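Enquirer:
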Amino acid sequence: MVSARGGRLVLVLGDQLTEGAGALGRADQSRDTVVMAEVAEETGYVPHHPQKIVLVLSAMRQFAARLRDKGWRVAYTRLDDRDNTGTITGELIRRAEATGAHSVLATQPGEWRLRQALQDMPLRISIVPDDRFLCPPDVFANWAKGRKSLRMEHFYRLMRKRTGYLMQGDAPAGGQWNYDHDNRKPARDDLLREKPMRHAPDAIVQEVIALVQRRFGGHFGAIEPFNHATTRRGALAVLRHFIAHHLAEFGPYQDAMLARDPFLHHALIAPYLNLGLLTPAEVCDAVQQAHDDGAIPINSAEGFIRQIIGWREFVRGIYDLHGPGYADQNALGHGRRLPAFYWGEPTKMACVSAVVEQTRVHAYAHHIQRLMVTGNLALLACVDPQQVHEWYLSVYADAYEWVEAPNTIGMSQFADGGVLGSKPYVSSGAYIARMSDYCSGCAYDVKVRAGTDACPFNLLYWHFLDRHRDRFEGNARMAPMYRTWDRMDADHRARVLADAASWLKRLDAGGLV
Ligand code: FAD
Ligand code: DLZ
Ligand code: SF4
1463 MVSARGGRLV
1473 LVLGDQLTEG
1483 AGALGRADQS
1493 RDTVVMAEVA
1503 EETGYVPHHP
1513 QKIVLVLSAM
1523 RQFAARLRDK
1533 GWRVAYTRLD
1543 DRDNTGTITG
1553 ELIRRAEATG
1563 AHSVLATQPG
1573 EWRLRQALQD
1583 MPLRISIVPD
1593 DRFLCPPDVF
1603 ANWAKGRKSL
1613 RMEHFYRLMR
1623 KRTGYLMQGD
1633 APAGGQWNYD
1643 HDNRKPARDD
1653 LLREKPMRHA
1663 PDAIVQEVIA
1673 LVQRRFGGHF
1683 GAIEPFNHAT
1693 TRRGALAVLR
1703 HFIAHHLAEF
1713 GPYQDAMLAR
1723 DPFLHHALIA
1733 PYLNLGLLTP
1743 AEVCDAVQQA
1753 HDDGAIPINS
1763 AEGFIRQIIG
1773 WREFVRGIYD
1783 LHGPGYADQN
1793 ALGHGRRLPA
1803 FYWGEPTKMA
1813 CVSAVVEQTR
1823 VHAYAHHIQR
1833 LMVTGNLALL
1843 ACVDPQQVHE
1853 WYLSVYADAY
1863 EWVEAPNTIG
1873 MSQFADGGVL
1883 GSKPYVSSGA
1893 YIARMSDYCS
1903 GCAYDVKVRA
1913 GTDACPFNLL
1923 YWHFLDRHRD
1933 RFEGNARMAP
1943 MYRTWDRMDA
1953 DHRARVLADA
1963 ASWLKRLDAG
1973 GLV
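Counting in the numbering used here, the sequence shown runs from 1463 upward without gaps.
(1) Give the straight-line distance between the Cα atoms of Arg-1798 and Ala-1843, rounded to the nearest whole angstrom.
(2) Ile-1731: beta carbon under 7 Å from a heavy atom of ligand 1?
(3) Spatial neighbours of Glu-1775 within its chain, please: C-beta separation below 8 Å, excluding the five flanking residues on both sides.
(4) Buried or exposed for Glu-1553, please, with buried defined as at least 16 other CB atoms from any protein chain shown within 10 angstroms of its CB.
(5) Which of the three DSSP states, helix, strand or coil, is assigned to Gly-1973?
(6) When we look at the beta-carbon of Arg-1613 and count the other beta-carbons within 10 Å, is it buried (16 or more) or exposed?
(7) Does the distance from the CB of Met-1498 to the CB of Ala-1526 come in under 8 Å?
(8) Please name the residue in Gly-1883, Leu-1841, Asp-1723, His-1829 whose C-alpha comes closest to that of Ala-1861.
(9) Could you check where the beta strand (DSSP E) with Ile-1589 kicks off and where it finishes?
(10) Does the beta-carbon distance from Val-1472 to Asn-1546 come in below 8 Å?
(11) Output the distance between the C-alpha atoms of Ser-1465 and Arg-1575, rounded to the nearest integer angstrom.
(12) Per the DSSP calculation, Thr-1569 is bridged to which residue(s)?
(13) When DSSP labels each residue in this structure, what does Pro-1634 get in the three-state scheme?
(14) Measure the CB-CB distance between Met-1583 and Thr-1551 and report whether it falls below 8 Å.
(15) Please classify Asn-1604: is it buried, with 16 or more other beta-carbons within 10 angstroms of its beta-carbon, or exposed?
(16) Using only the alpha-carbon positions, how far apart do Ile-1767 and Asp-1747 sit?
(17) In angstroms with no decimal places, state the Cα-to-Cα distance between Arg-1949 and His-1925.
(18) Kindly indicate which residue of Val-1835, Arg-1660, Gly-1487, Leu-1735 has the alpha-carbon position closest to the one of Met-1409.
(19) List the whole-angstrom C-beta distance separating Gly-1772 from Gly-1713, where the pair is believed to meet the contact cut-off of C-beta under 8 Å.
(20) Would you say Tyr-1906 touches ligand 3, meaning its beta carbon is less than 7 Å from a heavy atom?
(21) Pick helix, strand or coil for Arg-1691, following the three-state DSSP scheme.
(22) Can you have a look at Gly-1482 and say buried or exposed, based on whether 16 or more other CB atoms are within 10 angstroms of its CB?
(23) Taking one C-beta from the segment 1727-1737 and one from the segment 1674-1684 each time, how about it: are there three or more such pairs within less than 8 Å?
(24) Mind checking Asp-1477: buried by the 16 CB within 10 Å criterion, or exposed?
(25) Between Asp-1542 and Leu-1673, which are expected to be in contact by the criterion C-beta below 8 Å, what is the C-beta distance as a whole number of angstroms?
(26) Just reading off the alpha helix (DSSP H) that Arg-1931 is part of, what are its end residues?
(27) Take Ala-1691 and list the residues in its own chain whose beta-carbon comes closer than 6 Å to its own, dropping the five residues that flank it on each side.
(28) Relative to ligand 1, is the shortest distance from any of its heavy atoms to the C-beta of Ile-1770 smaller than 7 Å?
(29) Would you say the beta carbon of Gly-1738 is closer than 7 Å to some non-hydrogen atom of ligand 2?
(30) Measure the C-alpha to C-alpha separation of His-1564 and Leu-1585 and round it to an integer number of angstroms.
(31) If I measure Cβ to Cβ from Phe-1919 and keep anything under 6 Å in the same chain, skipping five residues before and after, which residues do I get?
(32) Please report the straight-line C-alpha distance between Tyr-1627 and Leu-1740, rounded to a whole angstrom.
(33) If you follow the alpha helix (DSSP H) that Arg-1528 is part of, which residue opens it and which one closes it?
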C-alpha cells in the first residue's frame, strides 16, 4: 500500500477505537494511512482470558472495516499474517517502509510500556493526548501538587464542578456530594431482574474465536459462550439497556454479591469504555439525562457518575503521575505465590470459588467481588502483589494496566504504601456474609472464629493485623480494630494466630483449603 505524498501513519491501538478522538481526530483522511496491528507482544504480555483477546481483536477488525467504509486508508495486520513482526513498533516501521510515510501520529498509549516503546522507535513521531478522558493530565497534576495525600473524594468534587454533572449552580444536586450511606444493601435472588443483553457472534467474531481457540485455547477462561458487544452500535445498546433496566437500582445494590447472579444491576460497560467504543462523557450525559427525566433517583445517579468521573479518572491520574514502575511496588513486602485456586483449582471457600468460576465463564466480576473476595484474600494471605496484578490484568475483559494496576496494587493490595487509599481493604468473613449469599453454601463456617471449621477470612484477618501491627496501629481508621483484638482473651488470640498459620501452611503445601 502506498501512502499519498507527504502522508503520515496514524496509529490506532486496540484500546483506541474512538472515531474523531486523539490522533484520528487530527488525521487527514486524504493523505494519511491508519495503522492497526494485531501483534504477539500485545496478545502475550500476560496470559489474557481468551474472551478478552476475542473482544479486542474482533473490535479492532470491526473498527477497521468501519473506517474503510468511511473512506479511510487502513493498513491492518492480522495476528497470523506471515510478515507480522510481532510488535506495534515493528509494524509501524514496516508500514513506513512500504508506504514511504516519514512520520507517525499517535494518541498517547494507556500503558507506560508502550509509551516508552514509541519514544524509542527510529521514526519521527508526534504523540497527542488521549482526549477521551475528562481530566487532562496537567489538571490532575496541579490538583495533586503539594497535597500530603491524594483522596478520590476530594478529586471527585473538583470533577463534579469541572464537568457540571449533578450540580445545581455551585452546589451538589440534592445537597450531598456522596450518597453511599443509602447504597449498601444486600441483594436477593430475583428471577424478574433483567438479564444482560445477548450478543450473537457475527462472522468476524466467529473467525476470531477460531483463531483464539487455536492460539490461546490453553489460557485460563472459557472462550464460549462469547457474549460481548464488539461494535460501537452494540456497546451503545448495552448502555441503553443498563439505563433502562438497571441504573435505578445500581446505587442500593452496587456492593451486593449473589452466587447465582454475577451481574446484578451493574453496567457491564467497562470493556467498551476502555476500548473506546463508548466515551465517559457520553455515558455520563446519558445518566444525567435519565436523572433529569425523573427516572433515576439521586443516590443511583450519583453513585454511578462517581465511578466514572471520580474513580476512573482518579486511577488514570495516579497511574500517569506515578510514572513507569507503578505495578512493581510491594510496600508490605508480601511474597506468597498466588494460590492455584485463582486459576480454577478447587477450593473449599464458596465465595472465592464462585468469583473465580464466574471470572472463568464471563471474564467478569464486579468491583466488590474483585476487592472484597479475591483481592481481600490475596492481601490477607500476603500474596506477592505482582502475581496478583498479573492475575487481574489477565482475567478480566476490561483489564488494561492504567486502570487495573492502581486498583490492584494501590486500592486492593496496599502495595503502593497508601498513595491511593488511606487504609488497606481487609475484612473478616462478616463483611462477605452480610453482603452475599455465599456463606450458606460454604464448607467453612463464617460464625466460627478459630479451629478447622473457621472461615479463613476470620483467621487471616487477625493474622494480617497482628503481622503488620507496626505499620497500621497508628492509623486512625485501623486503631479501633487493634483495640478490639487487644481486648480478646490472650489464649483465643494465640489460637487464632496458630490456626491462621496452619491454614497458610496447608495452602503452601498445595492442600485443599
Ligand atoms: P459498574 O460497577 O457498573 O461501574 C460503572 C463503571 O464505573 C465501570 O464500567 C468503570 O468504568 C467505572 N468504575 C467503577 N469502579 C472503578 C474503579 N475502581 N476504577 C476505575 N473505574 C471504575 N476496572 C477496569 O475497568 N479495568 C480493570 O482492569 C479493573 N481492575 C480492577 C482490579 C481490582 C483489584 C479492583 C478492586 C477493581 C478493578 N476495576 C477495574 C474496577 C471495577 O471493578 C470495574 O471497573 C467494574 O467491575 C467493571 O464492571 P462494570 O462495567 O459492570 O462496572
Ligand atoms: C489488550 C490488547 C490485545 C490483547 N491485543 C492487542 C493487539 O493485538 N493490538 C493492539 O493494538 N492492542 C492490543 N491490545 C491493547 C493494548 O495492549 C493496549 O493498547 C495497551 O495495553 C495500551 O493500553
Ligand atoms: Fe467465604 Fe468464609 Fe463465607 Fe466461606 S464462610 S463463603 S470462606 S466468607
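Every residue gets a Cβ at the ideal spot worked out from N, C-alpha and C, and that includes glycine. None of the values given here were measured: they were computed from a predicted structure.
Expert: With the given structure in hand:
(1) Here the C-alpha atom of Arg-1798 lies approximately 7 Å from the C-alpha atom of Ala-1843.
(2) The answer is yes for Ile-1731.
(3) Around Glu-1775: Phe-1595, Leu-1596, Cys-1597, Phe-1602, Phe-1617, Met-1621, Pro-1742.
(4) Glu-1553 comes out buried.
(5) Assigned with DSSP and collapsed to three states, Gly-1973 falls in coil, not helix or strand.
(6) Of the other Cβ atoms in all chains shown, fewer than 16 fall within 10 Å of the Cβ of Arg-1613; this residue is therefore exposed.
(7) For the pair Met-1498 and Ala-1526, the CB atoms are nearer than the 8 Å cut-off.
(8) Ranking Gly-1883, Leu-1841, Asp-1723, His-1829 by Cα distance to Ala-1861 puts His-1829 first.
(9) For Ile-1589, the uninterrupted beta strand (DSSP E) segment begins and ends at 1586-1590.
(10) Contact flag unset, no.
(11) Confidence at Ser-1465 is low in this model, with a pLDDT of 49, below 50, so its placement is unreliable and no value can be given for it.
(12) For Thr-1569, which the question treats as bridged, DSSP gives the partners Val-1590.
(13) Note: Pro-1634 maps to strand in three-state DSSP.
(14) Yes, they are a contact pair.
(15) It is exposed - the Cβ of Asn-1604 has fewer than 16 other Cβ atoms within 10 Å.
(16) Each residue's Cα considered, the two are about 10 Å apart.
(17) Across the structure, Arg-1949 and His-1925 are spaced so that their CA atoms are roughly 15 Å apart.
(18) Coverage of the chain is limited to positions 1463 through 1975, which leaves residue 1409 absent and any answer about it impossible.
(19) Approximately 14 Å separates the beta-carbon atoms of Gly-1772 and Gly-1713; this is outside 8 Å, ruling out the contact.
(20) Ligand 3 has a heavy atom closer than 7 Å to the beta-carbon of Tyr-1906.
(21) Just to set this straight, residue 1691 is Ala in the shown sequence, not Arg. Three-state DSSP puts Ala-1691 in coil, outside helix and strand.
(22) Label assigned to Gly-1482: exposed.
(23) The segment 1674-1684 and the segment 1727-1737 do not touch, with fewer than three beta-carbon pairs separated by less than 8 Å.
(24) Flag for Asp-1477 reads buried.
(25) In this structure Asp-1542 touches Leu-1673 by the C-beta definition: roughly 7 Å separates them, less than 8 Å.
(26) First-last of the alpha helix (DSSP H) with Arg-1931: 1931-1934.
(27) Closer than 6 Å at the Cβ level, and outside the excluded window around Ala-1691, lie His-1661, Ala-1697, Val-1700.
(28) In this structure, Ile-1770 has its CB closer than 7 Å to one or more heavy atoms of ligand 1.
(29) No - ligand 2 has no heavy atom lying nearer than 7 Å to the Cβ of Gly-1738.
(30) Approximately 7 Å, taken between the alpha carbons.
(31) Excluding the 5 residues flanking it on each side, Phe-1919 has same chain C-beta neighbours closer than 6 Å at Ser-1890, Gly-1891, in chain order.
(32) Across the structure, Tyr-1627 and Leu-1740 are spaced so that their CA atoms are roughly 18 Å apart.
(33) Here the alpha helix (DSSP H) through Arg-1528 covers 1512-1531.
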